[in-house]
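In terms of UniProt numbering, the sequence shown opens at residue 1 and continues consecutively. From the three backbone atoms N, C-alpha and C, an ideal C-beta is built for every residue, glycine too. Here's the structure, in structure tokens; my notes come after.
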Amino acid sequence: MTSSPLDVHPGSRLVDLFEHGLDAPICLTWELTYACNLSCTHCLSSSGRRDPRELTTDEAKAVIDELEAMQVFYVNIGGGEPTVRPDFWELLDYATAHHVGVKFSTNGVRITPEVARRLAGNDYVDVQISLDGATAEVNDAVRDSGSYATALRAMGNLADAGVKNFKLSVVCTRHNIPQMDDFKEIADRYGAQLRLTRLRPSGRGADVWDELHPCRNSNGSCTTGCCPVASRCSPVTPSFICPRTGRRCRA
1 MTSSPLDVHP
11 GSRLVDLFEH
21 GLDAPICLTW
31 ELTYACNLSC
41 THCLSSSGRR
51 DPRELTTDEA
61 KAVIDELEAM
71 QVFYVNIGGG
81 EPTVRPDFWE
91 LLDYATAHHV
101 GVKFSTNGVR
111 ITPEVARRLA
121 GNDYVDVQIS
131 LDGATAEVND
141 AVRDSGSYAT
151 ALRAMGNLAD
161 AGVKNFKLSV
171 VCTRHNIPQM
181 DDFKEIADRY
191 GAQLRLTRLR
201 PSGRGADVWD
211 ELHPCRNSNG
221 SCTTGCCPVA
231 SRCSPVTPSF
241 ICPRTGRRCR
251 A
């Protein structure tokens, strides 16, 4: 993703801009909507219905104007499913036109071939497709029936359009940990980067924590070990440390 331009005056030194730290965050996370076409059992924001208080198009653009003025590098947009907002693509174009890069997470439902081609032409956009099972059986059990096929179709559209280095995002659960190498094969097939994230006991995730948390089984022993693909995953993702073994997975 291309970063925002730095305002460097003639005769000034670039290092001086960082003497006292940055004046604004590099990245902000923005839950643009709680509306979603899925009802994932482990959703950390309990998304589903649209919040009537969510920002209008003009209000959202005003936020983007502020981010540009602050020289925020990029905004990480989630939800909910951000692409179900009718104005999502308008807001995405508005942000990138105002030097605010956009990373967004999606289940892929709106990533059509046409949309994929549009995304391929924008260097300010980073796309992340969510998939929580390397098979339809495992994925659809937590992300709704048909969501596996939807995600793979979206990745195929992105790959065909020439979108480079989009992310395949996996929430690690007890049921998909044995599929890590299969996830890596899927990512490689579509030219994606594999990104592993932790299950969080928030929203509906709190309700299924004991069932899905990958480091606790019926006898209390660790079910994960070290992630077999950790060294090949995206280096920018957070670390996961097994609380029982202390082993780190760079995921």
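Are the stretch 130–138 and the stretch 164–172 touching by the rule of at least three beta carbon pairs closer than 8 Å? yes
Under the three-state reduction of DSSP, which class applies to ASP144: helix, strand or coil? Within the sequence shown, numbered from 1, the residue matching residue 144 stands at position 144. Coil.
Please determine if the stretch 180–193 and the stretch 153–160 are in contact, where contact requires at least 3 C-beta pairs separated by less than 8 Å. yes
Along the chain, where does the beta strand (DSSP E) that runs through PHE104 open and close? As a working note, residue 104 is residue 104 in the sequence shown. Looking at the DSSP string, the run of the beta strand (DSSP E) that includes PHE104 is 101–106.
For a minimum of 3 consecutive residues, which ranges assigned as the beta strand (DSSP E) are wholly contained in the stretch 58–113? Listed in chain order, they are 74–78 and 101–106.
For GLU211, which three-state DSSP category applies? One-based indexing of the sequence shown puts residue 211 at position 211. DSSP places GLU211 in the helix class (H, G or I) of the three-state scheme.
Using a Cβ-Cβ cutoff of less than 6 Å, which residues in the same chain neighbour ALA120 once the five nearest sequence positions on both sides are dropped? As a working mapping, residue 120 is identified with position 120 in the sequence shown. The answer, listed in chain order, is ALA161, GLY162 and VAL163.
Is the beta carbon of ASP87 closer than 8 Å to that of THR57? By one-based count along the sequence shown, residue 57 stands at place 57. By one-based count along the sequence shown, residue 87 stands at place 87. With contacts defined by Cβ atoms closer than 8 Å, THR57 and ASP87 form a contacting pair.
DSSP state of VAL163 mapped onto helix, strand, coil: For the purposes of this step, residue 163 is taken as the residue at position 163 of the sequence shown. Coil.
In the DSSP assignment, what are the bridge partners of ARG195? Along the sequence shown, one-based indexing puts residue 195 at 195. According to DSSP, which records beta bridges pairwise, ARG195 is partnered with SER169.
Specify whether the stretch 66–77 and the stretch 85–100 touch according to this definition: at least 3 beta carbon pairs, one from each stretch, less than 8 Å apart. yes
Three CB pairs or more closer than 8 Å across the stretch 21–33 and the stretch 73–91: yes
Report yes if the CB atom of residue 267 is closer than 8 Å to the CB atom of LEU38, and no otherwise. Outside the displayed span of the chain (1 to 251) sits residue 267, for which this structure offers no information.
I need the straight-line Cα distance from ILE64 to TYR94, nearest angstrom please. As a first step, residue 64 must be located in the sequence shown, where it is residue number 64. As a first step, residue 94 must be located in the sequence shown, where it is residue number 94. For ILE64 and TYR94, the distance between alpha carbons rounds to 8 Å.
So, at 6 Å on beta carbons, what are the nonlocal neighbours of SER46 in its own chain, with the 5 sequence-adjacent residues on each side left out? Along the sequence shown, read from residue 1 onward, the residue named residue 46 stands at position 46. So the qualifying residues of the chain are GLY203 and ARG204.
From GLN179 to THR197, what does the alpha carbon distance come to, in whole angstroms? Locating residue 179 in the sequence shown gives position 179, where the first residue counts as 1. Locating residue 197 in the sequence shown gives position 197, where the first residue counts as 1. Their backbone Cα atoms lie some 14 Å apart in a straight line.
Closer than 8 Å by C-beta to VAL138: which residues in its own chain qualify, once you throw out the five before and the five after it? Chain order, please. Numbered from its first residue, the sequence shown carries residue 138 at position 138. If we look at VAL138 and ignore the five residues flanking it on each side, its Cβ neighbours are ASP132, HIS175, ASN176 and GLN179.
How would you write the range of the alpha helix (DSSP H) that ILE26 sits in, first residue to last? Reading the sequence shown from its first residue, position 26 is the one you call residue 26. Taken as a continuous stretch (DSSP letters only), ILE26 belongs to no alpha helix (DSSP H), as it is neither H nor E.
Cutting at 8 Å between CB atoms, please list the residues of its own chain near ALA149, excluding the five before and the five after it. Your numbering for residue 149 matches position 149 in the sequence shown. ALA136, listed in sequence order.
Which residue comes first and which comes last in the alpha helix (DSSP H) that contains ILE186? On the sequence shown, residue 186 is found 186 positions in, with the first residue counted as 1. That run of the alpha helix (DSSP H) goes 180–190.
Nearest to ASP182 (by Cα), restricted to the options TYR74, TRP209, ALA134 and ASP140: Your numbering for residue 182 matches position 182 in the sequence shown. Looking at the Cα atoms, ALA134 is the closest of the given residues.
ALA134 by DSSP, collapsed to three states: which one? Position 134 of the sequence shown holds residue 134. ALA134: coil per DSSP, three-state reduction.
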